[in-house]
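Shown next, in structure tokens, is the structure this report addresses.
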Amino acid sequence: MTSPPDPLDGIAQTLDNAAGAAIAQVTAGLAPATLLQAFSDWALHLAFSPGKQLQLGAKVARKYTRLFDYAMRSATDSGATLAIEPLPQDRRFADPAWKQPPFNILSQAFLLNQQWWHAATTGVSGVTSHHEDMLQFTARQMLDVLAPTNFLATNPLLQQKIVETGGKCLVDGFQHLLEDMQHLARGLPAVGVENFRVGENVAVSPGKVVYRNRLIELIQYDPTTEKVRPEPILIVPAWIMKYYILDLSPENSLVKWLTDQGFTVFMISWHNPGTQDRDLDMEAYRLMGPVAALDAVTAITGASSVHAVGYCLGGTLLSIAAATMARDGDDRLASVSLFAAQTEFSEPGELGLFIDEGQLSLLEKMMWGRGYLDSSQMGGAFQILKSNDLVWSRILSEYLMGEREPMNDLMAWNADGTRMPYAMHSQYLRRLFLDDDLAEGKYKVDGRTIALSAVRKPLFVVGTERDHVAPWHSVHKIHLLTSAEITFVLTSGGHNAGIVSEPGHKGRRYRVLTRKADGLSYDPEEWEGRAERKQGSWWIEWGEWLGRHSGEPVAPPPTGNSEKNYAPIMDAPGHYVLER
Numbered sequence: 177m178t179s180p181p182d183p184l185d186g187i188a189q190t191l192d193n194a195a196g197a198a199i200a201q202v203t204a205g206l207a208p209a210t211l212l213q214a215f216s217d218w219a220l221h222l223a224f225s226p227g228k229q230l231q232l233g234a235k236v237a238r239k240y241t242r243l244f245d246y247a248m249r250s251a252t253d254s255g256a257t258l259a260i261e262p263l264p265q266d267r268r269f270a271d272p273a274w275k276q277p278p279f280n281i282l283s284q285a286f287l288l289n290q291q292w293w294h295a296a297t298t299g300v301s302g303v304t305s306h307h308e309d310m311l312q313f314t315a316r317q318m319l320d321v322l323a324p325t326n327f328l329a330t331n332p333l334l335q336q337k338i339v340e341t342g343g344k345c346l347v348d349g350f351q352h353l354l355e356d357m358q359h360l361a362r363g364l365p366a367v368g369v370e371n372f373r374v375g376e377n378v379a380v381s382p383g384k385v386v387y388r389n390r391l392i393e394l395i396q397y398d399p400t401t402e403k404v405r406p407e408p409i410l411i412v413p414a415w416i417m418k419y420y421i422l423d424l425s426p427e428n429s430l431v432k433w434l435t436d437q438g439f440t441v442f443m444i445s446w447h448n449p450g451t452q453d454r455d456l457d458m459e460a461y462r463l464m465g466p467v468a469a470l471d472a473v474t475a476i477t478g479a480s481s482v483h484a485v486g487y488c489l490g491g492t493l494l495s496i497a498a499a500t501m502a503r504d505g506d507d508r509l510a511s512v513s514l515f516a517a518q519t520e521f522s523e524p525g526e527l528g529l530f531i532d533e534g535q536l537s538l539l540e541k542m543m544w545g546r547g548y549l550d551s552s553q554m555g556g557a558f559q560i561l562k563s564n565d566l567v568w569s570r571i572l573s574e575y576l577m578g579e580r581e582p583m584n585d586l587m588a589w590n591a592d593g594t595r596m597p598y599a600m601h602s603q604y605l606r607r608l609f610l611d612d613d614l615a616e617g618k619y620k621v622d623g624r625t626i627a628l629s630a631v632r633k634p635l636f637v638v639g640t641e642r643d644h645v646a647p648w649h650s651v652h653k654i655h656l657l658t659s660a661e662i663t664f665v666l667t668s669g670g671h672n673a674g675i676v677s678e679p680g681h682k683g684r685r686y687r688v689l690t691r692k693a694d695g696l697s698y699d700p701e702e703w704e705g706r707a708e709r710k711q712g713s714w715w716i717e718w719g720e721w722l723g724r725h726s727g728e729p730v731a732p733p734p735t736g737n738s739e740k741n742y743a744p745i746m747d748a749p750g751h752y753v754l755e756r
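Count the sequence shown with this note's numbering and you get residues 177 to 756, in order.
This is the structure:
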């Protein structure tokens, strides 16, 4: 006999959710218990590791000896060899002013201290690798706060700027601060974003919305060539941000570049979910996203096969859709291209460092009230990941030196955030980030397991060198999940700028290697040694690859298809991309 439901259960759950949401607001969405567990794991194991303690003590002595030796040498020789060189990506102390006393000593002391803390938070016997990564990341963030670049008394460049401007830089910086605070208080985007208007000077590739459901609008872009390849391209962007990162300004629009190469291009534009969409889950995104879009594309064009492209989270969803299609015998994909998209999550990158059961529980409580995760909360997480570039350097340049960096199209796009519905985000974090179901053969669609090993279509996979969201080592692991032909590209840049890599962009480079179907795979280190190094944009490599997997050009298909209920609805970029 089952006992009747306890009326207090609902009240208790409501109170727990409310308390969790309050904690999340105070801690910026981070679970205190998660960090405390990591710290306790490290502190307890370090306390019972006398050898490690002895090693760290010796390192302190050696580092102070090196610092003292450098101080003595630099007193008489301004070109004295440094006690420690900054990491290649650390440009904070690159200016010659940091070579002058006493700032040279301050910068060297900071770098030596930073190196010591790296040693202290790694290599402690018994600490789990996950907790070690968390502590290492946290220590780095705390040290970044204390960097001598952040303070007037210890930053020679800031002091020079004040002298040169007679203090006007501080006045300008204070005005910038007030301006930003006013925008924040009014819920307005960052200063300068207003100069980039969707449909006016960004997202301007001409086309029509030819299909709309509760979750997507499907845009078909106008052809720019007399003939096109018979296989259309369907792009599935991430819904964590707006689709038009792939259609920014005309000079760096991937959409425009593809149409100019003779391809018919379709793009999904995602609805920005609200409270009413809290129950939209991963399956809803698959069915109303790539599945519905693929039905529309094939109906409109009459094509028997389609080149499918997925970016970031959209690439993960496309991988799930492709595996489901392979399982069910749906052969409509000509190829699959994945840009900075993970299919294996054992190395989730810094964005996933704090995702465990405790963190997920807090996130769910934070989303519980409104039914979604707000873009500002996600934006805060990204800023923490790159605090040197996105927080402290901005405070220094804009608020102290009075130099506001001009807004560009990519920065404006980055400020145009979206929301993540409760059900989908919870499932994504639990089934993919935590449990790695897709890679481990446990992910089910319609109650039946899918496997990426069933995907036999040629794959073009792009990783980026400095990706804090989808580390390229993790993206590269798709080689272990399918024996299909894979052309893997590793491009310079990060998660966004590495993908927006139009031909002619200065300084672009990439490496590429193709593994034939059923061929040998290499680990990331060996892959780097074998891959061909090339200068320029990887878009050209991809365009040639698409051409090799496409038929001979034919006349362009019609825009929309009224007879099959896909009549054009409105001009691109549509309505959903404008939702706030």
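All C-beta atoms, glycine included, are put in the ideal place defined by N, C-alpha and C.
In this text the structure is predicted, and so the values were computed from the model without any measurement.
How far does the alpha helix (DSSP H) with residue i in it reach, from first residue to last?
i, result
"M248", "P226 to T252"
"M443", "Segment V441 to W446 is the beta strand (DSSP E) holding M443; no alpha helix (DSSP H) there."
"A361", "K344 to A361"
"F286", "F279 to A296"
"E459", "M458 to R462"
"I716", "W714 to R724"
Determine the burial state of residue i: buried for a count of at least 16 other Cβ atoms within 10 Å of its Cβ, exposed for fewer.
i, result
"L605", "buried"
"F279", "buried"
"R373", "exposed"
"N741", "exposed"
"R390", "exposed"
"K344", "exposed"
"G342", "exposed"
"S738", "exposed"
"G578", "buried"
"E407", "buried"
"D532", "buried"
"T210", "buried"
"M248", "exposed"
"A469", "buried"
"D507", "exposed"
"S283", "buried"
"V441", "buried"
Got a sec? Which residues, its chain only, sit under 7 Å from residue i by beta carbon, not counting five neighbours each side?
i, result
"S677", "T667, G669, R684, S713, W714 and W715"
"M162", "No answer is possible for residue 162: it lies beyond the span of the chain, which begins at 177 and ends at 756."
"F215", "L311"
"W721", "F636 and T663"
"L493", "V412, Y461, R462, G465, P466 and G486"
Name the DSSP beta bridge partners of residue i, please?
i, result
"R388", "E393"
"Q213", "Looking at the DSSP assignment, Q213 forms no beta bridge with any residue, so it has no partner."
"N737", "Y742"
"L509", "V482"
"L689", "F664"
State the start and end residues of the unbroken beta strand (DSSP E) segment that holds residue i.
i, result
"H483", "V482 to Y487"
"T474", "T474 -> not in any beta strand (DSSP E); alpha helix (DSSP H) instead, spanning A468 to T477."
"E641", "L635 to R642"
"V665", "I662 to G670"
In angstroms with no decimal places, state the Cα-to-Cα distance between residue i and residue j.
i, j, result
"E701", "L608", "25 Å"
"L539", "V378", "33 Å"
"V367", "G375", "19 Å"
"G547", "L334", "45 Å"
"V753", "I416", "12 Å"
"A484", "D471", "12 Å"
"D585", "G299", "43 Å"
"W544", "Y598", "7 Å"
"P474", "V321", "First, the residue type needs correcting, since residue 474 is Thr and not Pro in the sequence shown. Each residue's alpha carbon lies about 53 Å from the other."
"R570", "V730", "51 Å"
"G556", "A323", "Only weak support is given to the placement of G556: the predicted model assigns it a pLDDT of 49, under 50, and the value that follows is read from those uncertain coordinates. Each residue's alpha carbon lies about 20 Å from the other."
"A646", "R316", "20 Å"
"P277", "F286", "14 Å"
"D613", "F439", "35 Å"
"H164", "L263", "The first residue shown for the chain is 177 and the last is 756, placing residue 164 beyond what the model contains."
"S522", "S650", "7 Å"
"G705", "R687", "10 Å"
"L328", "F244", "24 Å"
"P226", "A270", "38 Å"
"Q358", "T401", "47 Å"
Can you give me the Cβ contacts of residue i inside the same chain, cut-off strictly under 6 Å, excluding the 5 residues immediately before and after it?
i, result
"L514", "G486, G491 and V637"
"A502", "A630 and V631"
"W589", "I421"
Is it the case that the CB of residue i approaches a heavy atom of the ligand ZN more closely than 7 Å?
i, result
"G255", "For the structure depicted, the ligand ZN is absent and the ligand set is empty, with no information on it obtainable."
So, at 8 Å on beta carbons, what are the nonlocal neighbours of residue i in its own chain, with the 5 sequence-adjacent residues on each side left out?
i, result
"W568", "D320, V321, A323, T325 and N326"
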